[in-house]
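>
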Amino acid sequence: MDRPYTTRAQRALTLAEGTAAARGDEFVGTEHLLLGLLAERTGPAAQILGHLGVTADRVEQLLADARPRP
Numbered sequence: 330m331d332r333p334y335t336t337r338a339q340r341a342l343t344l345a346e347g348t349a350a351a352r353g354d355e356f357v358g359t360e361h362l363l364l365g366l367l368a369e370r371t372g373p374a375a376q377i378l379g380h381l382g383v384t385a386d387r388v389e390q391l392l393a394d395a396r397p398r399p
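Mapping the sequence shown onto the numbering used here, position 5 (from 1) lands on 334, and the numbers just tick up by one.
(1) Between V383 and L366, what straight-line distance do the alpha-carbon atoms span, to the nearest angstrom?
(2) Where does L381 fall in DSSP's three states?
(3) By alpha-carbon positions, which one of L391, Y334, V388, V357 ends up nearest to A345?
(4) At what residues does the alpha helix (DSSP H) containing R396 begin and finish?
(5) On the three-state DSSP scale, how would you describe D354?
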């Protein structure tokens, strides 16, 4: 799919799609986008979030804690 985004943004979206698929989610949500942005480590979003103490590991842990258990 051709997207009118920067290369870095396209990579973050691709990473978000992969994260959603790996988690077994049916769609890409904001949590996947956040993880995609964090995975693009050299990007400005990841750098700003990192300065604020937001890490992919912490987001993953919070998501796991929030996910309903069967």
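Backbone N, C-alpha and C fix where the C-beta goes; we use that ideal spot for every residue, glycine too.
If we stick to the structure as given:
(1) Put simply, the backbone Cα of V383 is about 11 angstroms away from that of L366.
(2) Collapsing the DSSP output to three states places L381 in coil.
(3) Measuring from the Cα of A345, the nearest candidate turns out to be V357.
(4) Here R396 belongs to no alpha helix (DSSP H), and DSSP marks it neither H nor E.
(5) Coil, per DSSP.
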